[in-house]
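Okay, structure first, notes after.
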Amino acid sequence: MRFSSLNPRYYQFLPSTSVIPTLTSISKFNKRLSGTPSMSFSSPSSFSPPSSSANSKEAVDDQGLLQVLKYHNQTKHSFTKYARGPHGLDWANQPNPFRRYDSAPLLPLLHFPIDNETVSLSTIDAPLYSSLFLSLPPPKPISKSTISQFFYDSLALSAWKTTGFSTWSLRVNPSSGNLHPTEAYIISPPIESVSDSPFVAHYAPKEHSLELRTKIPSEFFPRFFPHGSFLVGLSSIFWREAWKYGERAFRYCNHDVGHAIAAVTMAAAGLGWDVKLLDGLGYEDLKKIMGLQIFPEFEIPSRAVKGKIPEIEFEHPDCVLLVFPNGIGEFDVNYKELSSSISEFSKLEWKGKPNFLSKEHICWDIIYRTAEVVKKPLTLVHRLLVDPFQRSGLYGEDSYKGFTTRQVVRKRRSAVDMDGVTEIERDVFYQILSHCLPSGCEPREKQKRQLALPFRTLAWDAEVHAALFVHRVAGLPQGLYFLLRNENHLDELKKAMNTDFVWAKPEGCPDDLPLYELFRTDCRRLSKQLSCHQDIASDGCFSLGMLARFQPCLREKGVWMYPRLFWETGVLGQVLYLEAHAVGVSATGIGCFFDDPGDDSLRF
1 MRFSSLNPRY YQFLPSTSVI PTLTSISKFN KRLSGTPSMS FSSPSSFSPP SSSANSKEAV
61 DDQGLLQVLK YHNQTKHSFT KYARGPHGLD WANQPNPFRR YDSAPLLPLL HFPIDNETVS
121 LSTIDAPLYS SLFLSLPPPK PISKSTISQF FYDSLALSAW KTTGFSTWSL RVNPSSGNLH
181 PTEAYIISPP IESVSDSPFV AHYAPKEHSL ELRTKIPSEF FPRFFPHGSF LVGLSSIFWR
241 EAWKYGERAF RYCNHDVGHA IAAVTMAAAG LGWDVKLLDG LGYEDLKKIM GLQIFPEFEI
301 PSRAVKGKIP EIEFEHPDCV LLVFPNGIGE FDVNYKELSS SISEFSKLEW KGKPNFLSKE
361 HICWDIIYRT AEVVKKPLTL VHRLLVDPFQ RSGLYGEDSY KGFTTRQVVR KRRSAVDMDG
421 VTEIERDVFY QILSHCLPSG CEPREKQKRQ LALPFRTLAW DAEVHAALFV HRVAGLPQGL
481 YFLLRNENHL DELKKAMNTD FVWAKPEGCP DDLPLYELFR TDCRRLSKQL SCHQDIASDG
541 CFSLGMLARF QPCLREKGVW MYPRLFWETG VLGQVLYLEA HAVGVSATGI GCFFDDPGDD
601 SLRF
């Protein structure tokens, strides 16, 4: 077979994933297509049609777009060369995976059992995983217990592993290389037995505790948000990923943000809470509300340098999520007034000094130049539209093993090997993919708007699709398949891809699942080659790469969509991880893949 590339201005591969079961437990998900971190899904390929309002929206900062394109192209892997990174791992300077704020008061949270057999829990306390995609349970009030559950099931440690003289932790939210660049903060109204005043705290996963950073004005929450709401802030420490992955780390950090967003959304859903990204806020707002102005300004060097550079351990603010009781419709969020109120946070008394993570560093300057140009400005919108919850398709309850949400999210693991033998049934495959759709299963709703769990947290229409390499799905021929997650993109995708692709509905595929068979062939060798020659991509039940609208999206919406495309792949990747465990197999993410050859694979 010969592969030629897609139009690089349109669709591009982001991270990739693979779903493949092992004999002993579970299948694995291989994602691969254009570069993101381990447990990524493919990079964003550009494929979008020119917008009718292109002239007005092309007021995009051309220099910013050029920088993003330079970064994306420079950090691609190819058959002849890998993206720049360290030559070997400097174990003496491996970053500390746990940020702490020295001298900040530590507020311990509660721990909870994972298995129902160990304690009497109602179904409301421990809802079945599959039930959350149909409807959310009644919302619980904010309390020490529910906030503890929320963090325990989203961002906490899930296990400790030991081999030889090495011991390391695993977390509920997966991360590229298990390096965990993502930090989390809670901005909350008063919580009994936690704080008698509204506060900002950093979540310390090793201790499963909150580090109290500051107390905030009492009128903040009643003025801007519905009763029973709180905020979660996410930030990234680029150095943690760059230590291993070099220049490609910016991709991986943002993919991990997506995993964290999905982890937060699923944990909130189990408590009857909805989540929305407050994407009207700008970079400076995010920095002030999380107290990240504590980090000194970082002067970007003109080239990659090595030495003692502690200032690169700063946290880059990514986003703030609003967590609120489900069932609330539209409500006003005056971003101009909210931003003005947040600006006063810099005058508060912030407690704690961030710990140092490494003694020496390598600064990959292109990461920080790119992070600089994709900082989002404040957007002055006045209404936060909360669409009604949209249920996802349920094609067979028998696909799931009766696990509770906590059992799935806390027992999920990244598979390290595939047996090359295990199959999954066709109906199970369809069920997994149904939970990957942004708009749920409403017959009158085309796939486009992000209305279903956990995609409803995101603030834009779906931009990411999945190209699937089916290896061992009983009842389906081996070959290349395509999951269309925004049906408005179909015509342009067909134009961009091989004209010989059949775009046929697979046998037994539900009417509301936009899955297409493109080409029948044994893809195992190809999927292995594209995933940096890793067996794990060919030995599973199926592997996939994520394809995103690229340059058109950045031109229409702004270069700050670049990290958000990776967030979307991370959310999709988290769903695949959870689905794999829920149906009794296992999944993994493949961050190493050959970008342009992945694009080429869609043009036989």
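FYI, UniProt numbering numbers position 368 of the sequence shown as 368, with every residue one higher than the one before it.
C-beta: ideal position from N, C-alpha, C; glycine also.
Inter-residue Cα distance where the pair is residue i and residue j
{"i": "Glu579", "j": "Gln450", "result": "18 Å"}
{"i": "Arg456", "j": "Pro438", "result": "7 Å"}
{"i": "Leu464", "j": "Cys436", "result": "The sequence shown places Val at residue 464, not Leu. Near 11 Å, if we compare the C-alpha coordinates of Cys436 and Val464."}
{"i": "Gly558", "j": "Asp61", "result": "8 Å"}
{"i": "Lys276", "j": "Phe324", "result": "8 Å"}
{"i": "Arg100", "j": "Lys347", "result": "22 Å"}
{"i": "Pro377", "j": "Tyr283", "result": "6 Å"}
{"i": "Tyr395", "j": "Val428", "result": "8 Å"}
{"i": "Ser38", "j": "Glu219", "result": "Below a pLDDT of 50, predicted positions are generally treated as unreliable, and Ser38, at 27, falls in that range; no measurement from the model is reported."}
{"i": "Ser236", "j": "Asp500", "result": "43 Å"}
{"i": "Pro105", "j": "Pro198", "result": "15 Å"}
{"i": "Pro108", "j": "Ser209", "result": "4 Å"}
{"i": "Ser27", "j": "Ser341", "result": "Model confidence at Ser27 stands at a pLDDT of 27, short of 50, so the residue's coordinates are unreliable and nothing is read from them."}
{"i": "Phe594", "j": "Phe238", "result": "22 Å"}
{"i": "Val194", "j": "Glu349", "result": "18 Å"}
{"i": "Leu385", "j": "Gly329", "result": "7 Å"}
{"i": "Asp491", "j": "Trp503", "result": "11 Å"}
{"i": "Asp318", "j": "Thr405", "result": "26 Å"}
{"i": "Ala304", "j": "Cys592", "result": "22 Å"}
{"i": "Leu136", "j": "Ala269", "result": "6 Å"}
{"i": "Glu313", "j": "Pro477", "result": "49 Å"}
{"i": "Ala535", "j": "Leu483", "result": "Note that residue 535 corresponds to Asp in the displayed sequence, not to Ala. Distance between the alpha carbons of Asp535 and Leu483 is about 23 Å."}
{"i": "Glu241", "j": "Glu297", "result": "20 Å"}
{"i": "Pro552", "j": "Lys494", "result": "17 Å"}
{"i": "residue 607", "j": "Asn498", "result": "Because the chain is modelled from 1 through 604, residue 607 falls outside the range shown and cannot be assessed."}
{"i": "Thr182", "j": "Ala260", "result": "8 Å"}
{"i": "Pro354", "j": "Gln293", "result": "12 Å"}
{"i": "Tyr400", "j": "Leu468", "result": "22 Å"}
{"i": "His227", "j": "Asp196", "result": "16 Å"}
Beta bridge counterpart(s) of residue i as assigned by DSSP
{"i": "Glu517", "result": "Tyr481, Ala504"}
{"i": "residue 632", "result": "Examination of residue 632 is not possible in this model, given that the chain is present from 1 through 604 alone."}
{"i": "Leu231", "result": "Ile187, Leu322"}
{"i": "Tyr82", "result": "Beta-bridge pairing links Tyr82 to no other residue."}
{"i": "Gln447", "result": "Arg449"}
{"i": "Pro317", "result": "Ser235"}
{"i": "Thr163", "result": "Ser166"}
{"i": "Arg383", "result": "Asp332"}
{"i": "Ile536", "result": "In the DSSP output, where bridge partners are listed per residue, Ile536 has none listed."}
{"i": "Leu210", "result": "Leu107, Tyr203"}
Exposed unless 16 or more other CB atoms sit within 10 angstroms - verdict on residue i
{"i": "Phe79", "result": "exposed"}
{"i": "Phe230", "result": "buried"}
{"i": "Trp273", "result": "buried"}
{"i": "Thr422", "result": "buried"}
{"i": "Arg525", "result": "exposed"}
{"i": "Ile300", "result": "exposed"}
{"i": "Ser122", "result": "Only weak support is given to the placement of Ser122: the predicted model assigns it a pLDDT of 42, under 50, and the value that follows is read from those uncertain coordinates. Classification of Ser122: exposed, given that the 10 Å Cβ count is below 16."}
{"i": "Phe133", "result": "buried"}
{"i": "Leu357", "result": "buried"}
{"i": "Asn73", "result": "exposed"}
Residue from the options whose Cα sits closest to the Cα of residue i
{"i": "Gly223", "options": "Phe550, Tyr101, Asp332", "result": "The amino acid occupying residue 223 in the given sequence is Arg; Gly does not appear at that position. Measuring from the Cα of Arg223, the nearest candidate turns out to be Asp332."}
{"i": "Ser527", "options": "Ile424, Phe542, Arg410", "result": "Phe542"}
{"i": "Arg564", "options": "Arg549, Val575, Leu576", "result": "Arg549"}
{"i": "Phe250", "options": "Ala204, Glu397, Tyr71, Ser130", "result": "Tyr71"}
{"i": "Gln63", "options": "Ser586, Leu572, Trp560", "result": "Trp560"}
{"i": "Lys446", "options": "Ile590, Arg84, Asp512", "result": "Asp512"}
{"i": "Leu212", "options": "Ala371, Phe221, His202", "result": "His202"}
{"i": "Arg391", "options": "Pro454, Ser302, Ala263", "result": "Pro454"}
{"i": "Pro514", "options": "Lys353, Trp168, Ile432", "result": "Ile432"}
{"i": "Asn173", "options": "Cys592, Gly598, Val583, Tyr577", "result": "Tyr577"}
{"i": "Ala126", "options": "Val409, Leu493, Glu556, Ala537", "result": "Val409"}
{"i": "Leu170", "options": "Phe482, Leu155, Asp461, Lys353", "result": "Leu155"}
{"i": "Gly280", "options": "Phe295, Arg426, Val320, Gly246", "result": "Val320"}
{"i": "Val200", "options": "Glu297, Lys215, Pro190", "result": "Lys215"}
Where the beta strand (DSSP E) containing residue i begins and where it ends
{"i": "Val305", "result": "305-307"}
{"i": "Tyr203", "result": "199-204"}
{"i": "Val275", "result": "273-277"}
{"i": "Gly589", "result": "587-589"}
Endpoints, the alpha helix (DSSP H) within which residue i is located
{"i": "residue 638", "result": "The displayed coordinates of the chain run from 1 to 604. Any statement about residue 638 would go beyond what the structure contains."}
{"i": "Ala263", "result": "249-269"}
{"i": "Thr499", "result": "No alpha helix (DSSP H) holds Thr499; DSSP gives it neither H nor E."}
{"i": "Ala371", "result": "365-373"}
{"i": "Glu553", "result": "Reading the sequence as shown, one finds Cys at residue 553 and not Glu. Run containing Cys553: 551-557, per the alpha helix (DSSP H) assignment."}
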